[in-house]
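Q: What follows is a single structure, and I will ask about it in a moment.
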Amino acid sequence: MFKILQTQPLAPGIKRFVIEAPRIARRQKPGQFVILRINETGERIPITIESSDPVAGTISIVVQAVGKTTHLLHSLGAGEFLADIVGPLGKPSEIAKFGTVVVVGGGVGTAMAYPTAAALKRAGNRVISIIGARNKELVLLEKEMGAVSDILLVTTDDGSYAERGFVTDKLRDLIQTGTHIDLVLAVGPVVMMRAVAELTGGAHIPTVVSLNPIMIDGTGMCGGCRVLVDGKSQFACVDGPEFEAHQVNFDVLIQRNAMYREAERRSMEEFMRERAGQEERAHNQAGEPRAVLQEGER
Amino acid sequence: MTQPAARSANPLTLKERMKVPRQLMPEQDAALRSAAFTEVNLGYSPELARQEAMRCLECAKATCVQSCPVGVKVKEFVQLIVAGDFAGAAAKIREDNVLPAITGRVCPQEDHCEAGCKLGKTKNVKPLGIGYLERFVADYEQRMGIRHLPKVPPTGKKVAVVGSGPSGLTVAGDLAQRGHKVRVFEALHELGGVLVYGIPEFRLPKQIIREQLDCLRDMGVEFETDVVVGRTVTIDELMGEEGYDAVFIGTGAGSPQFMGIPGEHLNGVYSANEFLTRINLMKAYQFPRYDEPMVDMHGKDVAVIGGGNTALDAIRSALRLGARKAYVVYRRSEAEMPARIEEVHHAQQEGIEFHMLTNPVEFLSDGKGWLVAARCVGMELGEPDASGRRRPVPIAGSEFELPLSVAVIAVGTSANPIVQSTTPGLATDKRGYIQADGATQRTSRKGVFAGGDIVTGSATVILAMGAGRRAAKSIHEYLTSGAWEAVPT
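Protein sequences, first through last, are from chains A and B.
Convert by adding 4 to the 1-based position in the first sequence; the result is the number in our numbering.
Convert by adding 8 to the 1-based position in the second sequence; the result is the number in our numbering.
Below you can see the structure in the form of structure tokens.
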């Protein structure tokens, strides 16, 4: 059992969780992830570690409520427990002095890109960060990313904050204006990472993406997270999660990530129905004392 | 013919014993069980067990014991069954085998003890049902809630065991019985390794594993789940700051092999490890009560590629999950199948269809990323290969399409690299398996031992347990003498 010490809303539907996990905190490096399971009937889901505090023995993760498991996680507060959390898994990001590095974070991917961006900055790189979100409310870690970047560029899809557009628009501008770029790191939705890869592939800029396939054990045992890289099967949990973007077959990743869409939808519906039922029962129970009082009056 | 021991409680003469037929294992009806995950074999009654035990010839030179990878004292425990002392028989087995309820179910006795049984050497006489008897006494002890555990003084030595599969649990049990403090680290959230994620409920109920784990806890063994050694903590940290005097690595074979044919990334194509893990560990067959999903197999055609026990476990699970057609596709013939004969028979009874001498060359898509068929080629057997089995060769012009919604690839595993790549100085072979001495299970690192599939590649539960037993003996010697010098062999 792993205790949640703190929860903090970062944006609508996005929360940070600080969790007691001393073994993981001691060994975590940027780019690595954990697999968590909320309760005895829960599924195992991979989540990138945002940061860790080896002295306090804690790790923090940023989670967007998308399906049943993440919604259930969002319903938990400080003092409550997760059945399991295992890690740190995957190979850490390669941290070296590359020169100028562009870090691209899309949506909640920004929180996953943040630890690597910070480590790249510490390693002496010039860091240009581009972070994007659907709208103003969903822009994540702007201050934190700003603190570890030489230049921070922000986009929103609807233009409600900073510049209207996509992160790839900004990246294209950088490339077209002749900015020398030694490495691009992109973390976010698969379609975003694919768009980044297409852009930088044409410009021959080395690019790394952090892949998010469906996983179970996270130790290389099941092969469910296999991705097609340079025409060969690689396991994202042990060979990744980061891969050279221009070798990744994103179509296969998108196809495999959609494998359980119907089951995920059904799971989510049942969860919402159950939760509505619980709320109704709680409401009815809250009404009971009044009914008893009325009986007593008669 | 050997004379029975004078103290034998067996009233039958040797001749009479030869005439008693081998008592059949009561089984759940094939039609009923093919739709359920409940156990196929139901177990002997005390009467059946005593009748079977009385067939034992009580040979002076017990070749059954010599044929057992962990050296269970077969003759002695069978004599205790004849005498009606079932609990005593269980305690006798535990001296050599800490997981009798498990081996009584999944060990291929026909290759070990029962292959060595003298009864079976006589024409038309079947060997003693040693596995069935082992299972009977282990279950009897559990049902009765009696367990004779030896009390041993603590030695003050600490041993870390990496992996809670058959080899690790054996090391843990054997060392705890010698007074050492043992802590077992498991990567998954549940203990048991391949016993829980790999072997299905209908062959090895999870409750049996839980009971065997409780028995190890009673012996003082500690367990910690959610620890991936090599990632969460390293071998060096275990032996350094965590203060372990020795480490045993039993991480299993681990990584599934794929065939490298087109279409392996299609939705509906699974490795056997993933397929079985979703079912056994994650209980995907109880979706949506359990959250982990899997492809719905009701009314679908499913094939497993491969001929081992894992392949049969997978396809028999698919059948239980509602598959309309369930095929085994194997590139050699039935004679070369590595699976246990009993499991092949069970699968045939349940209605699994066998496509022997057949190999898929491509998985075909519906155009939207989902599997619809396997393009297969017929094979014939040529000259023997390195494994000694005749090499399958494709027959020109024999290609055909087998319509399928789900394909499960069970063609073997390769070494999982996590521990090896994070432990400096730990020698591995060309294929990445850990090198360990065959007699002592010592690795190239002082105080570090290894055994089971991570040393040998995919094998069986009992062979892993045999390695665990040798390792425990050698760890005990190391902890008591402190000597590491290579033993001349």
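No residue lacks a Cβ here, since even glycine has one placed at the ideal position from N, Cα and C.
Is it a yes or a no for the segment 391–404 of chain B touching the segment 442–456 of chain B, going by three-plus beta-carbon pairs under 8 Å?
A: No, because fewer than three Cβ pairs between the segment 391–404 of chain B and the segment 442–456 of chain B fall closer than 8 Å, the two stretches do not touch.
Q: Looking at A/Pro92: is its Cβ nearer than 9 Å to the Cβ of B/Thr259?
A: Result no, Cβ atoms of A/Pro92 and B/Thr259 do not sit closer than 9 Å.
Q: How many angstroms separate the CA atom of A/His208 from the CA atom of A/Lys174?
A: Each residue's alpha carbon lies about 17 Å from the other.
Q: From what residue to what residue does the alpha helix (DSSP H) around B/Glu122 run?
A: 121–124 is the span of the alpha helix (DSSP H), which, as asked, contains B/Glu122.
Q: Closer than 9 Å between beta carbons: that is the criterion. Which residues of the segment 77–95 of chain A meet it against chain B?
A: Here the close residues are Ala87, Asp88, Ile89, Val90, Gly91, Pro92, Leu93, Gly94.
Q: I'd like to confirm something about B/Leu284: is its beta-carbon nearer than 8 Å to some heavy atom of the ligand MN, or not?
A: The ligand MN is not among the ligands present in this structure, which contains no ligands whatsoever.
Q: For the segment 302–313 of chain B, enumerate the residues whose C-beta is nearer than 9 Å to any C-beta of chain A, in chain order.
A: Taking 9 Å as the Cβ-Cβ cut-off against chain A, the residues of the segment 302–313 of chain B that qualify are Met302, Val303, Asp304.
Q: Does any residue of chain A bring its CB to less than 9 Å from the CB of B/Gly377?
A: Yes - at least one Cβ of chain A is within 9 Å of the one on B/Gly377.
Q: Which residues mark the beginning and the end of the beta strand (DSSP E) in which B/Asn367 is found?
A: Run containing B/Asn367: 366–373, per the beta strand (DSSP E) assignment.
Q: Hey, A/Ala1 and B/Phe295: beta-carbon distance below 9 Å or not?
A: No answer is possible for residue 1 of chain A: the residues shown for chain A start at 5 and end at 302.
Q: Could you check the C-alpha separation between B/Glu250 and B/Thr242 for me, to the nearest Å?
A: Using only the alpha carbons, I get a separation of about 10 Å.
Q: If you run the structure through DSSP and keep just helix, strand and coil, what is B/Arg450?
A: Residue state, collapsed to three classes: strand.
Q: Round the Cβ separation of A/Leu187 and A/Pro210 to the nearest angstrom and send it over; I've been treating them as touching at under 8 Å.
A: Contact flag correct, Cβ pair sits at about 5 Å.
Q: Taking Cβ-Cβ distances shorter than 7 Å, what residues in chain B pair up with A/Thr181?
A: Near A/Thr181 there are no residues of chain B at all, since even the closest Cβ is about 38 Å away, more than 7 Å.
Q: Span of the alpha helix (DSSP H) holding B/Gly96?
A: Residues 94–102.
Q: Are the CB atoms of B/Gly420 and B/Gln185 nearer to each other than 9 Å?
A: Not in contact: B/Gly420 and B/Gln185 (Cβ atoms no closer than 9 Å).
Q: At the level of alpha carbons, what is the spacing between B/Phe85 and B/His353?
A: The straight-line gap from Cα to Cα measures roughly 29 Å.
Q: Along chain A, which residues have their Cβ under 8 Å away from the Cβ of B/Met290?
A: What B/Met290 touches in chain A: Glu47, Arg48, Ile220.
Q: Between which two residues does the alpha helix (DSSP H) harbouring B/Met387 extend?
A: Segment 379–392 is the beta strand (DSSP E) holding B/Met387; no alpha helix (DSSP H) there.
Q: State the CB to CB distance for the pair B/Leu196 and A/Asp221, rounded to an integer number of angstroms; the pair is presumed to be in contact (CB under 8 Å).
A: Correct: roughly 6 Å between the Cβ atoms.
Q: Closest by CA to A/Leu9, which one among A/Ile63, A/Val90, A/Glu148?
A: With distances taken between Cα atoms, A/Leu9 lies closest to A/Ile63.
Q: Can you tell me whether DSSP reads A/His287 as helix, strand or coil?
A: Note: A/His287 maps to helix in three-state DSSP.
Q: State the Cα-Cα distance for the pair A/Gly136 and B/Ile287, rounded to the nearest angstrom.
A: Cα to Cα, A/Gly136 sits roughly 39 Å from B/Ile287.
Q: Once DSSP output is grouped into helix, strand and coil, what is the label at A/Glu24?
A: Of the three classes helix, strand and coil, the one that applies to A/Glu24 here is strand, per DSSP.
Q: What is the DSSP secondary structure of A/Ala121, counted as helix, strand or coil?
A: Looking at A/Ala121 - three-state DSSP - the assignment turns out to be helix.
Q: Quick check on DSSP: helix, strand or coil for B/Gly187?
A: Coil.
Q: Between the beta-carbon of A/Ile51 and the beta-carbon of A/Arg41, is there less than 9 Å?
A: No, the pair does not count as a contact, with Cβ atoms beyond the cut-off.
Q: Rounded to whole angstroms, how far is the Cβ of B/Leu329 from the Cβ of B/Ile360, which I believe are closer than 8 Å?
A: Rounded, the Cβ-Cβ distance is 13 Å, inconsistent with contact.
Q: What residue does the alpha helix (DSSP H) around B/Tyr140 start on, and which one ends it?
A: Element bounds for B/Tyr140: 138–152.
Q: My guess is that B/Ile138 and B/Val204 are in contact by the Cβ rule of under 8 Å, so how many angstroms apart are they, rounded?
A: Rounded, the Cβ-Cβ distance is 25 Å, inconsistent with contact.
Q: Scan the segment 169–243 of chain A and note each continuous alpha helix (DSSP H) run of 4 residues or more that stays entirely inside, going in chain order.
A: With a minimum length of 4 residues, the continuous alpha helix (DSSP H) runs that stay inside the segment 169–243 of chain A are 171–180, 194–206, 240–243.
Q: Do three or more CB pairs link the segment 137–152 of chain A to the segment 118–127 of chain A at distances below 8 Å?
A: Output reads yes: the segment 118–127 of chain A touches the segment 137–152 of chain A.
Q: Residue range of the alpha helix (DSSP H) that A/Asp73 falls in?
A: It should be noted that the sequence gives Thr, not Asp, for residue 73 of chain A. It spans 72–78 - the alpha helix (DSSP H) in which A/Thr73 sits, taken as one unbroken run.
Q: Which of the three DSSP states is assigned to A/Gln39 in this structure?
A: With the sequence shown as reference, residue 39 of chain A is identified as Ile, and Gln is not the correct amino acid for it. Strand, per DSSP.
Q: Using only CA atoms, which one of A/His75, A/Ser55, A/Leu80 lies nearest to A/Phe6?
A: Closest option to A/Phe6, Cα to Cα, is A/Leu80.
Q: At the level of alpha carbons, what is the spacing between B/Gln357 and B/Gln215?
A: When rounded, the distance between both Cα atoms is 26 Å.
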